[in-house]
Amino acid sequence: MEKLKLRDEYIKLGQALKAAGWVDSGVEAKIVIQNGHVNVNGAIEQQRGKKLYAGDVVAFGNKILTIEK
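To convert a position in the sequence shown, counted from 1, into the working numbering, add 13.
Below, the structure is given as structure tokens:
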């Protein structure tokens with residue numbers, strides 16, 4: 014399980030995927046999110062701009078990312 018520290022109050026889902034190194038670009042993030050390959054807190058999320066806050070958990074394939082303050 015990986016952890017991502019917030020610099021601000023929240024981070025958008027697409028930005029979090031890029032910050033974790035799971036995707037190389039915003040376009041790639043948009044594609045994997047819109048195709049339903051990303052879960053946020055156990056539910057499929059298809060909005061690239063979804064705001065993630067401390068405590069949220071993102072899953073992509075066999076990778077898990079926890080958002081921390």
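Positions of the beta carbon are idealized from the N, C-alpha and C atoms, including for glycine. In this text, all values refer to a predicted model and were calculated from it rather than measured experimentally.
| Ordered along the chain, which non-local residues of its own chain (more than five positions away) have a Cβ less than 7 Å from that of Lys82? | Cβ neighbours of Lys82 beyond the five flanking positions: Leu19 and Ala67.
| request: Confirm, please, whether the CB-CB distance from Arg61 to Gly34 is below 7 Å. | output: For Gly34 and Arg61, no; Cβs fall outside 7 Å.
| DSSP-derived helix/strand/coil call for Lys63 | Residue state, collapsed to three classes: coil.
| said: Would Ile80 and Leu30 be called neighbours here (beta carbons separated by less than 7 Å)? | reply: By the CB criterion at 7 Å, Ile80 and Leu30 fall outside the cutoff.
| said: For a quick check, are the C-beta atoms of Val70 and Asn48 less than 7 Å apart? | reply: Cβ distance not < 7 Å, so Val70 and Asn48 don't count as in contact.
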